[in-house]
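A short worksheet on the structure shown next.
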Amino acid sequence: MSVKNFPLDKDRLEALEKTYPTPFYLYDEGAIRDNARRMVRAFSSNVPGFKEHFAVKALPNPFILKILNDEGLGADCSSLPELLLADMAGIRGEEIMFSSNETPSAEYRKARELGAVINLDDFTHIEFLENTLGRLPELLSFRYNPGPLKKGNLIIGNPEEAKYGFTREQLIEGYRLLKARGVRRFGLHTMVASNELSLDYHLETARLLFDLAVEIKRQTGISLEFVNLGGGLGIPYRPEQEAPSWETLAGGIRRLYDDIIVPASLGGLAIHTEYGRPITGPYGWLVTRAIHRKNIYRDYIGLNSCMADLMRPALYGAYHHITIPGKEREPLTETYDVVGSLCENNDKFAIRRQLPHIDVGEHTGDFVVIHDAGAHGRAMGFNYNGKLRCGELLLREDGSVLPIRRAETVEDYFATLDLAALPCFNG
Ligand SMILES: *Cc1c(COP(=O)(O)O)cnc(C)c1O
12 MSVKNFPLDK
22 DRLEALEKTY
32 PTPFYLYDEG
42 AIRDNARRMV
52 RAFSSNVPGF
62 KEHFAVKALP
72 NPFILKILND
82 EGLGADCSSL
92 PELLLADMAG
102 IRGEEIMFSS
112 NETPSAEYRK
122 ARELGAVINL
132 DDFTHIEFLE
142 NTLGRLPELL
152 SFRYNPGPLK
162 KGNLIIGNPE
172 EAKYGFTREQ
182 LIEGYRLLKA
192 RGVRRFGLHT
202 MVASNELSLD
212 YHLETARLLF
222 DLAVEIKRQT
232 GISLEFVNLG
242 GGLGIPYRPE
252 QEAPSWETLA
262 GGIRRLYDDI
272 IVPASLGGLA
282 IHTEYGRPIT
292 GPYGWLVTRA
302 IHRKNIYRDY
312 IGLNSCMADL
322 MRPALYGAYH
332 HITIPGKERE
342 PLTETYDVVG
352 SLCENNDKFA
362 IRRQLPHIDV
372 GEHTGDFVVI
382 HDAGAHGRAM
392 GFNYNGKLRC
402 GELLLREDGS
412 VLPIRRAETV
422 EDYFATLDLA
432 ALPCFNG
């Protein structure tokens, strides 16, 4: 069982709404720091050279990146804006992992300028990078696609069908080529799952990479500097699911390390990760209000938000737990579809969900809190149907609230239109 907490009670929300109207995202700084500390402690006490590069795409806000960097985490970026966000947060040099694909040259140049670790997604990018930069950097990493050796899962698909990474043969040839071109430091990376709760699955991935590191040494003479196990560790979206334990995961990786890496005299190999979801996911909530109720063939609760703010339910049929502040102990007597205002029928935060009776009203309706939205939440949003995305608030450790991103306005939505060139425009 995982407990579904929300850090503010109804009175506090009522007070907060006077300054920050719903909908908004709320992130709990204390809980994020505590989790990051537990993770770093678990790994650092088990494996050498541990570094977590937080996947920026999960929560691309520099205030959050700064908090995580305070706790010793770096950043995993895959676009120019993500590199700039890491830079804004003071994350420097090799604390940044640049794991991109189909990468334009300008992005490689920026990654190089920031001193990021560049992780190549394809064999042909060795030459592309050399042509872009003039010469290859001293340190390079390759992304491995294990193909038929590894089963994927529902969100990310099977590795064999995935566009990412090098084949095994390309890897060996690639490292030989790098060595011949003067590269002196080498990394290996993979990312094969998404939201996978099974620790055995992640340990199998570690075993695959450790065996490969030994094979690379045997075939090329190269001792890798690090192995990056990627992200993809799941969180318990459903209350009946259990959160994976950092200690158990790190302990399992250590046993594999002792069995495979140490006997192969690769004992200096550092372990890196790039988790996103389990770092911030459980510590962010989308806070909305119930404004309408309609009863047709099903009973609907309409929120003042929509899938522009949180796409996961529509995109993956994902479950997000919902609670009603002030009604936590009331019996679940109703069966509602909880929906947003976008003109797409999959704009549903919950389908046939058992909930307490919900009161509706634009200013008086119940608050509806959507849990586990702290990763791949607001970040995935979009403006389809003229929907404006909500802002983000940070709950500080002293209980105060800091706005860290305002809500979008119509001016933001129109900002990219060149209205001066519109004949009838007179504003
Ligand atoms: C998305 C992504 C991650 C993070 O995934 P989570 O599921 O949030 O842990 C890490 N690395 C790469 C390359 C990714 O694309």
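Residue 12 is where the sequence shown starts when you use the working numbering, and the numbers rise one by one after that. The beta-carbon is built from N, C-alpha and C at its ideal position, and this holds for glycine as well. Bear in mind the structure is a predicted one, so any value in this text is a computation, not a measurement.
Neighbourhood of residue i by C-beta, 6 Å cutoff - its chain only, sequence neighbours within 5 removed
i    : result
M318 : A325, G351, L353 and D358
I362 : D348
I272 : F221 and L280
Q230 : I183
Y119 : L140 and T143
Classification of residue i by the beta-carbon crowding that lies within 10 angstroms, buried from 16 upward
i    : result
A53  : buried
D4   : This structure gives no information on residue 4, because the portion of the chain shown stretches from 12 to 438.
V298 : buried
Y294 : buried
I302 : buried
N356 : exposed
I381 : buried
P148 : buried
T259 : exposed
G2   : Absent from the model: residue 2. The displayed extent of the chain is 12 to 438, so no value can be given.
M99  : exposed
S152 : buried
K174 : exposed
D377 : buried
A47  : buried
Assigned secondary structure, residue i (DSSP; H/G/I helix, E/B strand, else coil)
i    : result
H64  : strand
V412 : strand
I107 : strand
V273 : coil
Q230 : helix
N239 : strand
R400 : coil
R363 : strand
I264 : helix
F221 : helix
H213 : helix
A100 : coil
F17  : coil
F436 : coil
A281 : strand
E378 : Looking at the sequence itself, residue 378 is Phe, so the reference to Glu does not match. Of the three classes helix, strand and coil, the one that applies to F378 here is strand, per DSSP.
Contact set for residue i: own chain, Cβ-Cβ below 7 Å, skip 5 residues either direction
i    : result
E113 : none
T344 : P367 and H368
R407 : E40 and L413
G337 : K21
Y186 : F197, I227, T231 and I233
D133 : F177
Sequence-distant residues of its chain with Cβ nearer than 8 Å to residue i (five each side left out)
i    : result
H332 : K15, Y248, R249, P250, I381, H382 and D383
T201 : R154, Y155, N156, P157, G176, T216, L219, L220, N239, L240 and G241
E253 : M12, S13, L208 and P247
Practice prompt. Mind the definition here: the region 321-336 touches the region 409-418 only if three or more C-beta pairs lie below 8 Å; say whether that holds.
Written response: no
Worksheet item: Between the region 374-393 and the region 275-289, are three or more C-beta pairs nearer than 8 Å?
Response: yes
Discussion item. Report the start-end ranges of each alpha helix (DSSP H) in the region 285-361 that is 4 residues or longer and not cut off at the edges.
Written reply: 288-291 and 323-327
Worksheet item: In chain order, which continuous runs of the alpha helix (DSSP H) of length 4 or greater are located wholly inside the region 25-86?
Response: 40-55 and 73-81
Item to complete: Identify every run of the beta strand (DSSP E) within the region 110-147, keeping only runs that are complete inside it and at least 3 residues long; order them along the chain.
Response: 128-131
Worksheet item: For the region 240-251 against the region 185-198, are there 3 or more C-beta pairs whose distance is under 8 Å?
Response: no
Worksheet entry | Cβ contact check for the region 396-414 and the region 368-381: 3 or more pairs under 8 Å | no
Discussion item. To test your reading of the DSSP string, which unbroken alpha helix (DSSP H) runs of 4 or more residues are found completely within the region 149-209?
Written reply: Listed in chain order, the complete alpha helix (DSSP H) runs (minimum 4 residues) inside the region 149-209 are 179-191.
Worksheet entry | Segment contact, 8 Å Cβ cut-off, at least three pairs: the region 95-111 with the region 57-75 | With a cut-off of 8 Å on Cβ pairs, the region 95-111 is in contact with the region 57-75, counting three or more such pairs.
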